[in-house]
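Here's the structure, in structure tokens; my notes come after.
Number of protein chains: 2
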Amino acid sequence: MTKGPISTTEQSDESLGLDDRVKPVSLRDVAARAGVGVAAVSSVLNAARSTTRVSESTRSRVLEIAREMRYQPNAAARALRGGATKTLAVLFGTEKASVAVTNSYVNTVWQGIILGVEEARYNVIILGEPWRSADRSLSALRDGRADGVIAIGVPMESDLVATLSSNRIPVLVIGGDSDLDFVVSVDVDNKAGATLAMTHLLELGHTRIAYLAGPEYQASTWERRETYHGELRRAGIAAPDAYDVPGSNRPEDAIESAGRLLELPEPPTAIFAANDKIALYAMQAARSKRLEVPRDLSIVGFDDRPVREVELSGLTTIRQPLAEIGAVGTKMLIAKLQGVAGSPSRRVFEPQLIVRTSTAAAI
Amino acid sequence: MTKGPISTTEQSDESLGLDDRVKPVSLRDVAARAGVGVAAVSSVLNAARSTTRVSESTRSRVLEIAREMRYQPNAAARALRGGATKTLAVLFGTEKASVAVTNSYVNTVWQGIILGVEEARYNVIILGEPWRSADRSLSALRDGRADGVIAIGVPMESDLVATLSSNRIPVLVIGGDSDLDFVVSVDVDNKAGATLAMTHLLELGHTRIAYLAGPEYQASTWERRETYHGELRRAGIAAPDAYDVPGSNRPEDAIESAGRLLELPEPPTAIFAANDKIALYAMQAARSKRLEVPRDLSIVGFDDRPVREVELSGLTTIRQPLAEIGAVGTKMLIAKLQGVAGSPSRRVFEPQLIVRTSTAAAI
DNA sequence: CTGAAAGCGCTTACAG
DNA sequence: CTGAAAGCGCTTACAG
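In the order they appear, the protein sequences are chains A and Z.
Sequential numbering of the first sequence, starting at 952, is according to our numbering.
Sequential numbering of the second sequence, starting at 952, is according to our numbering.
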């Protein structure tokens, strides 16, 4: 770089000694060498819904020559022509991508996504332009860069999925649900997970159990809340309204919410938190109130995110198979894109109770 | 999806009630509405090195109309025309992407890359097809999908960077060096890092210090080894040849290598390991030999990868600013791509000694 | 100052 | 069975 300008056009070939560059070989090059038209080559190289029929001898000769010349179709031309890009655009909830990739939930799902695209020889693109509203971003998603969209943690009230759907852009929703056309979705079984958590606490003898919610814009927050109330009802326990408190992904808010719980005249002896992050904030709140976990307070989280804090803290939690969710979802989306008959539109994954040291029998 | 086929072409608009899809607006649409030619619109919308000149009044009118119509240029068409895709392809060393993204070094660098592309409103693409040889993958990198390449942890002997360079494809090398044209690179100062590690051990009074290497195909393994020997020489210490042992990222190999060290007639009292992962294997080997760290053996790693194992183990190590390396490198590549005058081709980052509990004074 | 045209590489309907 | 042509949306030389 220090030795010459960057642009290809600004510099003649002679001025750079090391130039063994060759122009990429095009369909026309292959056609010329094979002595056939480009249509024939195109037809041979694609499984071909083209009307152009080619004899077996021509077919094999073209194939041979294309391989010999290391022909590689130009992705831009194909995309422009309206063909598949074999690329999926990944959209991260409301957040900027740079924030999302530091989130352990997203990160683990992401590993699954990569596994999924790799198996299918697809590609993934992350757009540097945050999408904000669906309306504003729609065109960016139809400009020939991607065949479909993977949406992780999109807020319930967002019009993104609906807009994509009505524009016939296939979408995978991770961590949510939708019965719209062109939408496939994967999620953990939130009801089953919340039931595991509540049953665990109930079996430990807790009756004063609180629910520390996650962000209200997440569907999972509501599903887990509903199960929380349902399980209490089933156990014949009447929990005060004050036991169902809003959480947040913002540390201050979550810690304050948990703090309020612990200052109630009759504080809970156990907290079911809507996710691990919030559960850890609850632990912090307990600590600052000089309460000992699990002696004075049992805490259960959700997710079992593979980060050191969770393991270090000894948090009992509900594990989601996050990487599997990402991988299976991605494969479902690709199957839909490829028109695989009978490919599922929805998969729900079983959670698992992971007992560590943040829960103990009620005193 | 359950209600209808996926493909746009297979289904008439009438059969789907919810279709509020509109064809993306093209340059021509804007031109028609503005009553000018497409060339004029193109010229206005791009800072325009085009020869087409447009009056100020036309310019502002076109701008207004384009915004009104939410015109979004088609990326595929631009790419085909030879323009910038504003997309960077990320290539992960020898590994499959799915393996690489589970690696904590790669993961942290990745977070920086996303930050970098986001700031510049660029995009990143990960190709599902593993690249293996540069020769085989070259065309895939010139098919209109990306303007440049980010290569993480490419083996020393790989021809990838050289091939890209001679084909005038700008590359960012992360964790390596190169003075080829079209190549920019970022890395930690390996010499400084190894010096920090060795000085720490020497100051603790260790004289029997071994080097447990990383994979030999990594340049860093060699640079750290060289510094290891240099620092011993400077301290007037003659280390036996058997103290410089090959490591590997494969657990069995690394553990065995470390084990051999510990079984020497005169075993080392300290080990400088070429990276954290290998340092943890050394710890494991020590444990299986009933040696206590740091009482019987001090261990220093390299990277300070943000994973729970490193912190849980109390490993003393050399921290690299991995996210920063990724972010700064990405911005350097983009600057080169955009022809920013005087943008640097090389940046080296200072490491930092993180003392935890795996090192202690020699007895 | 502005418009019409060529062409990037591909695929698919259309003629022979 | 095969070839020539149109056109996807854009940018950039080229004519007016």
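From the three backbone atoms N, C-alpha and C, an ideal C-beta is built for every residue, glycine too.
Treat the numbers as computed from the prediction; the structure is a model and nothing was measured.
- Measure how close the beta-carbons of Z:V1134 and Z:V1122 come, nearest whole angstrom, since I'm counting them as under 8 Å. 5 Å
- Message: Using 8 Å as the cut-off, can you tell me whether the stretch 1253 to 1265 of chain Z makes contact with the stretch 1283 to 1295 of chain Z, which would need three or more C-beta pairs spanning the two stretches below that distance?
- Response: no
- Per DSSP, Z:F1300 forms a beta bridge with which residues? Z:V1139
- A:R1093 at chain Z interface by Cβ criterion, 8 Å: yes
- Within chain Z, the residues that A:E1262 reaches when beta carbons sit closer than 9 Å: R1259 and L1263
- Query: From the beta carbon of A:G988, is the nearest beta carbon of chain Z less than 8 Å away?
  - Reply: no
- By the 10 Å Cβ neighbour count, where 16 or more other Cβ atoms means buried, how is A:V1244 classified, buried or exposed? buried
- Task: Look at A:T1038 and A:L1152 and say whether their C-beta atoms are less than 8 Å apart.
- Result: no
- Query: Can you name, in chain order, every residue of its own chain whose Cβ lies under 8 Å from the Cβ of A:T1059, other than the five neighbours on each side?
  - Reply: R1256, P1257, L1273, A1274 and G1277
- Residues that A:S1055 contacts on chain Z, provided the C-beta gap is smaller than 8 Å: Result: empty, since nearest Cβ-Cβ is about 11 Å, beyond 8 Å.
- Using a cut-off of 8 Å between C-beta atoms, extract the partners of A:I1229 located in chain Z. Correct list: empty, because the minimum Cβ distance to chain Z is about 19 Å.
- Which residue comes first and which comes last in the alpha helix (DSSP H) that contains Z:N1118? Where Z:N1118 is concerned, there is no enclosing alpha helix (DSSP H), given that its DSSP letter is neither H nor E.
- Query: Which of the three DSSP states, helix, strand or coil, is assigned to A:T1188?
  - Reply: Rather than Thr, the amino acid found at residue 1188 of chain A in this sequence is Ile. It is coil, neither helix nor strand.
- Message: Please tell me whether A:V987 and A:V1013 are closer than 8 Å, where the distance is taken between their beta carbons.
- Response: yes
- Item | Below-8 Å beta-carbon distance, Z:S1024 vs any chain A residue | Ser is not the amino acid found at residue 1024 of chain Z; the sequence shown has Pro there. With 8 Å as the cut-off, Z:P1024 counts as an interface residue toward chain A.
- Closer than 7 Å at the beta carbon, the chain A residues around Z:K1047: E1069
- Same chain, Cβ closer than 8 Å to A:I957, neighbours up to 5 away in sequence not counted: Note on A:I957: pLDDT 31, under 50, position unreliable in the model; no value is reported.
- Query: Taking 8 Å as the CB-CB cut-off, is A:Y1073 touching chain Z?
  - Reply: yes
- Item | Neighbour-count burial assignment, Z:G1187, 16 or more Cβ in a 10 Å radius | exposed
- Task: Would you please verify whether the beta carbon of Z:A1344 is less than 8 Å from any beta carbon of chain A?
- Result: Here chain Z covers residues 952 to 1314 and nothing more, so residue 1344 of chain Z does not appear.
- Please compile the residues from chain A whose C-beta is within a distance smaller than 7 Å of the C-beta of Z:S1090. P975, R1021 and Q1023
- Query: Between A:T1036 and A:A1097, which are expected to be in contact by the criterion C-beta below 8 Å, what is the C-beta distance as a whole number of angstroms?
  - Reply: 6 Å
- Message: Taking the beta carbon of Z:V1306 as the centre, do at least 16 other beta carbons fall within 10 Å, making it buried, or is it exposed?
- Response: exposed
- Task: Going by CA-CA distance only, name the one from A:G1144, A:S1055, A:A1236 and A:V1068 that's closest to A:E1301.
- Result: A:G1144
- Message: For A:N997, which residues in the same chain have their Cβ closer than 8 Å to its Cβ, ignoring the five residues on either side in sequence?
- Response: none
- Taking just the CA atoms, how far does A:I1016 sit from A:S994? 14 Å
- So with Cβ pairs under 8 Å, would you call A:A983 a contact of chain Z? no
- Look up A:L1153 in the DSSP assignment and say whether it is helix, strand or coil. helix
- A:A1292: contacting residues in chain Z (beta-carbon distance under 9 Å): Near A:A1292 there are no residues of chain Z at all, since even the closest Cβ is about 10 Å away, more than 9 Å.
- Message: Under 7 Å, CB to CB, which of the residues in the stretch 1076 to 1087 of chain Z have a partner in chain A?
- Response: I1076, I1077, L1078, G1079 and E1080
- Item | Contacts that A:A1030 makes with chain Z (C-beta to C-beta distance below 7 Å) | A1027
- Host alpha helix (DSSP H) of A:R1259 (start-end): R1259 to S1264
- For the alpha helix (DSSP H) containing Z:P992, list its first residue and its last residue. The residue you asked about is not Pro; residue 992 of chain Z is Val in the sequence shown. That run of the alpha helix (DSSP H) goes V989 to L996.
- Message: Quick check: the Cα distance between Z:K1282 and Z:A1071, rounded to an integer number of angstroms?
- Response: 8 Å
- Query: Contact check, Z:G1252 vs Z:L1242 under 8 Å by CB: the rounded distance?
  - Reply: At roughly 17 Å, the Cβ-Cβ gap does not stay under 8 Å, so Z:G1252 and Z:L1242 are not in contact.
- Query: From what residue to what residue does the beta strand (DSSP E) around A:I1222 run?
  - Reply: A1221 to A1224
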